[in-house]
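Residue numbers (this note's numbering): 358 to 820.
Think of the CB as a built atom: it goes at the ideal place given N, C-alpha and C, for glycine as much as any other residue.
Here the structure is a predicted model, which means the values were calculated and not measured.
Structure below.
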């Protein structure tokens, strides 16, 4: 084949590809390269902005209900702010606004100085919106599909991350963790499955568990809400998820980057549940007033870490909690019951850390221990580590470090009576020393008298 014929063939192929892409756009189907970009990019998963309602993946009537509920609350609003409320591009909802106006549910109230249309809800629109509110009061961002959420978790799975020694040192900066402990924690974190942290209280098990996620050092994209069989379930929770940007001030930038604003970029989540954990928090909950579904803790922690603190002290029996998770820990997916009775499969993709003061073998049977491959004891600190922590805490709390007075404390109140060191004690004792100095109106400094008083108060009922 000649170069000219080859060039003509390539040109014809390019022309056909372009034609197919244009046809797909008219039909609401994204071109092939756009569909791939929605799943991943050179920087990992990036949610791409939909250009049509079909690309958005949810029924138009669901978006219409959200818009009507919003206007029912505010009365009048500009088209751009309506689009910002539902987090969809204006060009996607513009046909819907036009149809609602034709149906006399909204009307054009005027135009802003920038040429933006202002819409007001009509009396018939209010009547329709009232019916929508009775179904559900949600009027936030348009949800994404369950399928898109599942794909996003798979693309951002914590199991695909690799943690090195340097990553772990960065995450645990400021904590006293020796090299042996670091070498045990690293492989456990890289497993992406789960671990037991056990040992005496006050040695930093919770602090270690809280910082594990920071070792991964990445952010993830999560949807604000997902649509499941006509129900809306919230995923993004400001009390749990730390957004890395303010969506209200960066929406223009996100639009220019073709980012789907129904998603939020957050730090990999760390969700902590303590002794107050109940079975209800592990299931989808429906607010009886708002009719909005709230995702359970394990869903909010996907692509991050779920810490079960004080394991064994929950109100529910240990066996009940373990039986609830024995299959998800093995299969890495969970089954949840929707309020309408439908059962859905959803990713169970996080590092689970069980932190306890009790021996794991005294809490659970062998079948469950097998599914938690790493059992790591957090030991008491050595005397050298104990003294190092005092030096660090003195600097943080504005005390002049006084090794001689620290030696008095160690010799008099620890070594002479065989009292074990705990990592929490330098901070706790220094807090009491500070209170002692303030009460006696003396300069903030370490002294044998202040430590005597602190030890008397601190250990009076603990031993």
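Asked                                                                                                                    : Found
Span of the beta strand (DSSP E), counted from its first residue to its last, around residue 690                         : 690 to 694
Option in 638, 627, 738 with minimal Cα separation from residue 709                                                      : 627
Neighbour-count burial assignment, residue 617, 16 or more Cβ in a 10 Å radius                                           : buried
Helix, strand or coil at residue 779 [DSSP, three-state]                                                                 : coil
Identity of the residues DSSP links to residue 493 by a beta bridge                                                      : Per DSSP, none; premise fails for residue 493.
Residue 464: first and last residue of the uninterrupted beta strand (DSSP E) it sits in                                 : 463 to 468
Secondary structure, beta strand (DSSP E): runs of 3+ residues fully inside the stretch 533 to 618                       : 551 to 555, 576 to 580, 582 to 585, 588 to 591
Within 9 angstroms, strictly: CB atoms of residue 577 and residue 624                                                    : yes
Given 8 angstroms, three or more beta-carbon pairs between the stretch 754 to 761 and the stretch 571 to 590             : no
Beta-carbon proximity list for residue 650, same chain, < 6 angstroms, skipping 5 on both sides                          : 588, 590, 641, 643
Residue 553 and residue 733 closer than 9 angstroms at C-beta                                                            : yes
Alpha-carbon spacing of residue 450 relative to residue 481, whole angstroms                                             : 20 angstroms
Whole-number beta carbon distance between residue 476 and residue 423, since they are thought to touch under 8 angstroms : With a Cβ gap of about 14 angstroms, residue 423 and residue 476 do not count as contacting.
Rounded separation between residue 493 and residue 467 - CA only                                                         : 30 angstroms
Close Cβ partners of residue 540 (< 6 angstroms) along its chain, the five nearest in sequence each way excluded         : none
Start-to-end residues for the alpha helix (DSSP H) that takes in residue 711                                             : Here residue 711 belongs to no alpha helix (DSSP H); instead the beta strand (DSSP E) covers 708 to 713.
Exposed unless 16 or more other CB atoms sit within 10 angstroms - verdict on residue 387                                : Reliability fails at residue 387, whose pLDDT of 43 lies under 50, so the model's placement of it is uncertain and no value is given.
Buried versus exposed, by CB contacts within 10 Å (16 or more), residue 469                                              : exposed
Assigned exposure category for residue 385 - 16 Cβ within 10 Å defines buried                                            : Summary for residue 385: the model assigns pLDDT 38, below 50, so the residue's position carries little reliability; its value from the coordinates is reported in the next sentence. With fewer than 16 other Cβ atoms within 10 Å, it is exposed.
Outcome for residue 677 when other beta-carbon atoms lying within 10 angstroms are tallied against a minimum of 16       : exposed
For residue 729 and residue 556, believed in contact at Cβ under 8 angstroms, the rounded distance                       : With a Cβ gap of about 16 angstroms, residue 556 and residue 729 do not count as contacting.
For residue 810, the first and last residue of its enclosing alpha helix (DSSP H)                                        : 805 to 815
Stretch pair the stretch 772 to 779 + the stretch 557 to 566: three plus CB contacts closer than 8 angstroms             : yes
Continuous alpha helix (DSSP H) assignments of at least 4 residues falling wholly in the stretch 694 to 774              : 717 to 720, 723 to 728, 740 to 753, 760 to 767
Residues bridged to residue 502 (per DSSP)                                                                               : 584
Alpha-carbon spacing of residue 393 relative to residue 446, whole angstroms                                             : Because the pLDDT at residue 393 is just 41, under 50, the model does not fix this residue reliably, and the value given afterwards should be weighed accordingly. Rounded to whole angstroms, residue 393 to residue 446 spans 20 angstroms at the Cα level.
Contact set for residue 615: own chain, Cβ-Cβ below 7 angstroms, skip 5 residues either direction                        : 405, 406
DSSP state of residue 422 mapped onto helix, strand, coil                                                                : helix
CB contact flag (residue 646, residue 671, <9 angstroms)                                                                 : no
Meets three-Cβ-pair contact criterion under 8 angstroms: the stretch 708 to 724 and the stretch 655 to 675               : yes
Selected residue, minimal CA-CA separation from residue 747, among 735, 765, 731                                         : 765
Local conformation of residue 517 per DSSP, three classes                                                                : helix
Residue-chain proximity (residue 565, chain D), Cβ-Cβ < 9 angstroms                                                      : You won't find chain D in this structure, because it holds only one protein chain.
Short Cβ contact (9 angstroms threshold) for residue 313 with residue 527                                                : The chain is shown from 358 up to 820; residue 313 falls before or after that span and cannot be answered.
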